[in-house]
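The opening residue of the sequence shown carries number 45 in the numbering used here; numbering runs sequentially from there. Just so you know, even glycine gets a beta-carbon here, dropped at the ideal spot from N, CA and C. Contents: one structure, followed by commentary.
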Amino acid sequence: MAAFLLSGACGGSGAFGRPTGSPAQSGAPSSTGRASPSPSPGLLELAYRIQAGDTLGAIAERFGVTPESIIEANDLADPTALVVDYILKIPGVDPATAGISPASSPSSESPIGFRMIMPIRGACLSRDEQQLPNVPREYRHGVHEGVDFFTGFSCVDVPLGLPIVAPADGTVIRADHEFKQLTQRQIDELLALTAQLGYTDPGTLDKFRGRQVWIDHGDGIVTRYAHLSDIPQEVQVGTKVTEGQTIAFVGDSGTPESLAQAGYNKHLHFEIRVGNSFLGAGLSVEEARALYEAVFGLR
């Protein structure tokens, strides 16, 4: 598996993210403001988190690109001094080289009866099990019920405000335009409640998901989008949306870090609900991942 799919402590519904470096550091972009070159059609621009021992040449070879292209895309001040945990843009990557299976080549049936596209364009599923269904969320005495899309783990950069698209046609059944961020006191009270109960009750879990959009795709299939920063005004309850339409924007609302470290835990938490439960409930992490791969046509 290509190295941009890294393990780490990140995770949805409130797990902690990791730093992405500072432009003032050696090995991070300088301030000359040059625009990154656009990848050619069919090629991807990936996001890679620098690891200890990495060199620019080794990273370039791993992704089948030139060191010069990485230097230009990131406007590196000193390419010989890379900063661990900084996110590099890797332009012009062939999906085959990166080990990404195209969604247009499905080899098995979707467990929900139809295919979906990724809710973030160009993204892939993380290999970090902390960002997949059924992983324990010890901080709130519960389990993760969906998949997360983070910078450094999802093949593309996932910044605040990144558009999120409908993965299939459907009808909006929830759109939190009037969402109000939790206060620190409310967060502390919710965490105390989960500790007292020994599990996360549905109402508390809903609050930890922050601003949300839900889309009904029919036949008991609903997709949920959590921790949003904003929602387009045209996306209202009852709105018919089409595959690929922008329905929300990446944020960090509802996460415990959203107050003390605003923007630090930015990501999309995405769920596929089947009836009264979530896709992959009760299965191993790898089994749940396989179901999502089938939905997205990756198997």
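The shortest C-alpha to C-alpha distance from Thr-124 to any of Thr-99, Leu-272 and Ile-134 is the one to Thr-99. Per DSSP, reduced to three states, the secondary structure at Glu-287 is coil, with no helix or strand assignment. Secondary structure at Leu-226: coil, using DSSP grouped into helix, strand and coil.
Ala-210 carries a coil assignment under DSSP once its states are collapsed to helix, strand and coil.
Straight-line measurement puts the Cα of Val-137 at about 10 Å from the Cα of Arg-106.
The region 275-286 makes no contact with the region 155-165; the number of CB pairs closer than 8 Å stays below 3. Contact check between the region 208-224 and the region 252-266: three or more CB pairs, one atom from each, fall below 8 Å, which counts as touching. In summary, Ala-270 is buried, with 16 or more beta-carbon neighbours lying within 10 Å of its beta-carbon over all protein chains present.
In the pairwise beta carbon analysis, the region 309-319 is classified as not touching the region 235-250: fewer than three pairs are separated by under 8 Å. In the three-state reduction of the DSSP assignment, Tyr-130 falls in the coil class.
For Tyr-269, the enclosing beta strand (DSSP E) covers residues 265-270. Nearest to Ala-167 by C-alpha distance, out of Thr-110, Leu-87 and Arg-181, is Leu-87. Membership of Glu-315 in the beta strand (DSSP E) is indicated by the continuous run 312-318.
By a beta-carbon distance limit of 8 Å, Gly-186 contacts Thr-244. Their separation comes to about 3 Å.
Between Lys-133 and Leu-204, the C-beta gap is not smaller than 8 Å, which leaves the two residues out of contact. The beta-carbon separation of Pro-177 and Ala-334, rounded to 11 Å, does not stay under the 8 Å limit for a contact.
If you look at Phe-107, you'll find it in the alpha helix (DSSP H) that goes 100-107. Gln-174 is classed as buried because its beta carbon has at least 16 other beta carbons within 10 Å across all chains shown. A check of alpha carbon separations from Gly-190 across Asp-201, Val-127 and Asp-172 identifies Asp-172 as the nearest. The straight-line gap separating the alpha-carbon atoms of Gly-214 and Gln-240 is approximately 38 Å. Gly-298 sits away from Leu-342, with the two beta carbons spaced by 8 Å or more. Assignment of Asp-192 by DSSP, reduced to helix, strand and coil, places it in the strand class. Spanning the alpha carbons of Gly-295 and Pro-111 requires a straight line of approximately 32 Å.
Buried is the label assigned to Pro-135, since at least 16 other Cβ atoms lie within 10 Å of its Cβ.
Looking from the CA of Gly-196, the closest CA among Asp-263, Tyr-92 and Thr-290 belongs to Tyr-92. In the structure shown, Asp-260 adopts extended strand secondary structure according to DSSP, grouped into three states.
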